[in-house]
Each structure stands twice: as C-alpha cells, then as structure tokens.
Amino acid sequence: DVKVTQSSRYLVKRTGEKVFLECVQDMDHENMFWYRQDPGLGLRLIYFSYDVKMKEKGDIPEGYSVSREKKERFSLILESASTNQTSMYLCASSYLGLAGGLVTGELFFGEGSRLTVL
Amino acid sequence: AQSVAQPEDQVNVAEGNPLTVKCTYSVSGNPYLFWYVQYPNRGLQFLLKYITGDNLVKGSYGFEAEFNKSQTSFHLKKPSALVSDSALYFCAVTSHLYGGSQGNLIFGKGTKLSVKP
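Chains B and A supply the protein sequences, listed in that same order.
Quick note on our numbering: the first sequence kicks off at 1 and runs consecutively.
Quick note on our numbering: the second sequence kicks off at 1001 and runs consecutively.
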C-alpha cells in the first residue's frame, strides 16, 4: 500500500515562529502536493511539485514556501506563522498520468497535520 | 476555468436507506472525476474515479457513481447506507491526466454525510 506520512499530527506554535511540516511518501511518486483544509472552503492547493527541486505555486501560496530536495520528501514551510494559518494541512502524492499502460490520477493523502497558531 | 459544486453541505440518511451525494462540474474538455472520503481527523481516501468507458463506476465500500455528461454530474450513490459511512465526501475533477499544472485536481467544498441508526 502507498503510504504518505506527515511528521506531526498536531502542532501548536506562536505567531512569528517558523514552522516546518514534513511529508514523506514511499511509492516513488513524482508528484507531491500540499493542501490546506478549512471548514466550508474545502481543499485549497498551496504548492505542488512534479520533480525534485521543482515547485509551483498553487491557489494560495502567500505566506508559505516549500522544499523538495529528495523525491520522497516534500516540506512545507511557514516562514513567520500567523493566526490565519491555523488549519489542517494535508500532503498528497500521485503518479498523475500513465503508469504501465494504466491511467491513474488518484491522489494518496497523509493523515493531516493540524496546526494551531496562537 | 474548472470548478466543482457540491450543492449540499450535509446529507442525512437513515441506516439501510439509499444515499446520494451530489456533484456537478464544469471543465473545458473531457472531465476526469473522482470521489474521496474523509473520516474524522484523518486524511482523504480515494473511493472511485471516472476516466472513460461505462458511465456507472463502482468503487470501495459498496459505493458507486454515475457520470452524466449532459447534466455535467457525477453523483455518488450507495444502495443501503451504514452508520460507518458517516464522513465527509469530496468530489474532484481535472481535464488533464498527464501531468503538469493543468492536471491538478479541483475539489468541491465537501458534503457531510450523516447516517443515523
């Protein structure tokens, strides 16, 4: 089974702190994503990466950065946490395309990291 | 622009009754449609997808979904609901499956399904 592991399930940080959220996948997927989930807003894409050292902005990148130094690891960084970044953060990976002749497309999600910024 | 609408914030069903969770979409080009489920304090799990072929797609846990091109809908259904089906359900769409930023899934806002005994 594909496994996507997020390093912390629950974090509490103070305003202005630097926050690292780590995500590791074990299926050699090229594609990795960071979403945030808020009630009534669904999932919103923050950043994604289609290859090592490659990153692209999603719909809400402001206040966030990412790092992908190795294929299996995708980190989300909050340079200076603010209270409006209190949220559930979800990491996902996928092989979004043809794989051995099969069309795939589905995302595999981690368990989520619930961040509270005080 | 691509979009997904889940018109109901919450659906309430009695155990044993059929359930439907609605989803409509808007894309330019062919739609590729997905349903995910999220149990409390967990990540999302893939349920089923429509890529091509038969309009009725069967997935995990007895769920199925029907793709209706004329109505641009992809409603999730189950003939007999279980209390354990209570969760948050997300519909998602993309018009590109072959990588690049255009292949990102667009998610609906989610529908909370509550199944009562």
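Ideal Cβ positions, reconstructed from N, Cα and C, are used throughout, including at glycine.
This structure is a prediction, so every number in the text was calculated from the model and none was measured.
- With its beta carbon at least 8 Å from every one in chain B, A/Gly1029 lies outside the interface.
- If you check the CB distance, A/Tyr1050 and A/Phe1067 come in under 8 Å.
- One alpha carbon belongs to B/Cys23, the other to A/Phe1090, and they sit about 22 Å apart.
- B/Leu115 is a Cβ neighbour of B/Lys13, given a cutoff of 8 Å.
- The Cβ atoms of A/Tyr1032 and A/Ser1095 sit closer than 8 Å to each other.
- Under the Cβ criterion (8 Å, minimum of three pairs), the segment 1010 to 1026 of chain A does not count as touching the segment 106 to 113 of chain B.
- Listed along chain A, the residues sitting closer than 7 Å to B/Glu111 by beta-carbon distance are Arg1042, Gly1043.
- Relative to the Cα of B/Leu45, the nearest Cα in the group B/Phe33, B/Lys55, B/Lys70 belongs to B/Phe33.
- A/Ser1084 is classed as exposed because its beta carbon has fewer than 16 other beta carbons within 10 Å across all chains shown.
- Secondary structure in the segment 1 to 48 of chain B: the beta strand (DSSP E) runs of 3 residues or longer, each lying completely within the stretch, are 4 to 6, 10 to 13, 19 to 25, 31 to 38 in chain order.
- Take the alpha-carbon of A/Trp1035 and the one of B/Ser80: they are about 35 Å apart.
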